[in-house]
Amino acid sequence: MGPLKYLAGYPAHLVTQVQTLIASGRLGEYLGSRYAQGHEVQSDRALFDYTQSLKSRFLRNAEPVSKVAYDAKLKVLQHALGTHTRASRVQGSKLKSKREIRIASLFREAPAEFLKMIVVHELAHLKELDHNKAFYQLCSHMEPAYGQLEFDLRLYLTHRELPA
Numbered sequence: 002m003g004p005l006k007y008l009a010g011y012p013a014h015l016v017t018q019v020q021t022l023i024a025s026g027r028l029g030e031y032l033g034s035r036y037a038q039g040h041e042v043q044s045d046r047a048l049f050d051y052t053q054s055l056k057s058r059f060l061r062n063a064e065p066v067s068k069v070a071y072d073a074k075l076k077v078l079q080h081a082l083g084t085h086t087r088a089s090r091v092q093g094s095k096l097k098s099k100r101e102i103r104i105a106s107l108f109r110e111a112p113a114e115f116l117k118m119i120v121v122h123e124l125a126h127l128k129e130l131d132h133n134k135a136f137y138q139l140c141s142h143m144e145p146a147y148g149q150l151e152f153d154l155r156l157y158l159t160h161r162e163l164p165a
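Taking this note's numbering, the leading residue of the sequence shown gets 2, the next gets one more, and so forth.
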């Protein structure tokens with residue numbers, strides 16, 4: 002078995018446990034037992050509403066988000082599961098700023114917890130641009146199990162790439 006690219010940087014004992022699950026064919030069973038629920042957020046409009054509800058609950062004073070959409074062009078290979086962009090335009094004598102969040106379309110089929118984790122991650126970029134300590138504290142504030150969900154999402158992505 003080759004190196005597990007989504008788990009690079011994790012301690013060796015965790016990677017060994019994952020390799021054992023893969024070798025025994027139980028990684029899918031493990032993920033299925035923890036994350037059995039799908040979600041109803043299938044359209045871009047539903048995703049926008051879902052994101053706005055999280056934003057209004059945790060980030061009321063952050064800049065508004067003008068668009069949230071699933072994006073089939075985002076590829077896991079470029080390590081982009083979601084993006085947060087800011088576009089500034091001059092309108093008359095004013096500078097208008099729009100913020101957009103795009104979520105990889107693989108999250109349409111992913112468990113609800115993973116969708117929430119990636120939306121929380123992208124919303125946190127409204128306040129913190131860099132992946133620093135304050136960024137991860139904000140993510141953990143919005144989703145207390147953020148760290149575990151991020152690790153399990155990496156397991157999910159690893160499982161998706163395993164041969165059938």
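Built from N, CA and C at the ideal position, the CB exists for glycine as well. Please read all numbers here as calculations on a predicted model, not as lab measurements.
* Put GLU101 into one of helix, strand or coil per three-state DSSP. => Here residue 101 is taken as the residue at index 100 of the sequence shown, counted from 1. If DSSP states are grouped into helix, strand and coil, GLU101 belongs with the strands.
* Straight-line Cα distance separating HIS160 from GLN43 -> Your numbering for residue 43 matches position 42 in the sequence shown. Your numbering for residue 160 matches position 159 in the sequence shown. Computed Cα separation, rounded: 22 Å.
* Run the CB neighbour count on THR86, radius 10 Å, all protein chains shown included, and call it buried at 16 or more, exposed below. => Along the sequence shown, one-based indexing puts residue 86 at 85. In this structure THR86 is exposed. Its beta-carbon is surrounded by fewer than 16 other beta-carbon atoms within 10 angstroms.
* To do: Could you tell me the distance, in whole angstroms, from the CA atom of HIS122 to the CA atom of SER94?
  => Position 121 of the sequence shown, counted from the start, is the residue given in the question as residue 122. Position 93 of the sequence shown, counted from the start, is the residue given in the question as residue 94. Roughly 33 Å separates the two Cα atoms.
* One or two residues paired with ARG27 in a DSSP bridge -> Looking up residue 27 in the sequence shown gives position 26. ARG27 pairs with nothing; no bridge assigned.
* Hey, could you find the ends of the alpha helix (DSSP H) TYR11 is sitting in? => Stepping through the sequence shown from its first residue, residue 11 is reached at position 10. For TYR11, there is no enclosing alpha helix (DSSP H), as DSSP marks it with neither H nor E.
* Asked: Rounded to a whole number of angstroms, what is the C-alpha to C-alpha distance between THR17 and TYR137?
  -> Here residue 17 corresponds to residue number 16 of the sequence shown, with the count starting at 1. Here residue 137 corresponds to residue number 136 of the sequence shown, with the count starting at 1. Straight-line Cα distance between these residues: approximately 26 Å.
* ALA135 - containing alpha helix (DSSP H), residue span -> Residue 135 sits at position 134 when you count from the first residue of the sequence shown. Bounds of the alpha helix (DSSP H) holding ALA135 are 134-143.
* Asked: What number of angstroms, rounded off, separates the C-alpha of ALA125 from the C-alpha of LEU107?
  -> On the sequence shown, residue 125 is found 124 positions in, with the first residue counted as 1. On the sequence shown, residue 107 is found 106 positions in, with the first residue counted as 1. Taking the straight line joining both Cα atoms gives about 21 Å.
* Asked: Taking C-alpha atoms, which residue in ARG61, SER98 and LEU60 lies nearest to ARG90?
  -> Looking up residue 90 in the sequence shown gives position 89. Of ARG61, SER98 and LEU60, the residue nearest in Cα terms is SER98.
* Cβ-based neighbour list, TYR31, same chain, cut-off 7 Å, excluding 5 preceding and 5 following -> For the purposes of this step, residue 31 is identified with residue 30 of the sequence shown, where counting begins at 1. For TYR31, where only same-chain residues beyond five positions count, the Cβ hits under 7 Å are LEU22.
* Any idea what DSSP makes of VAL69, helix, strand or coil? -> Residue 69 sits at position 68 when you count from the first residue of the sequence shown. DSSP places VAL69 in strand when its eight states are reduced to three.
* Among LEU15, ASP45, ASN62 and SER54, which has the Cα closest to the Cα of LYS128? -> Numbered from 1 along the sequence shown, position 127 holds the residue referred to as residue 128. Just measuring C-alpha positions, the residue of LEU15, ASP45, ASN62 and SER54 sitting nearest LYS128 is ASN62.
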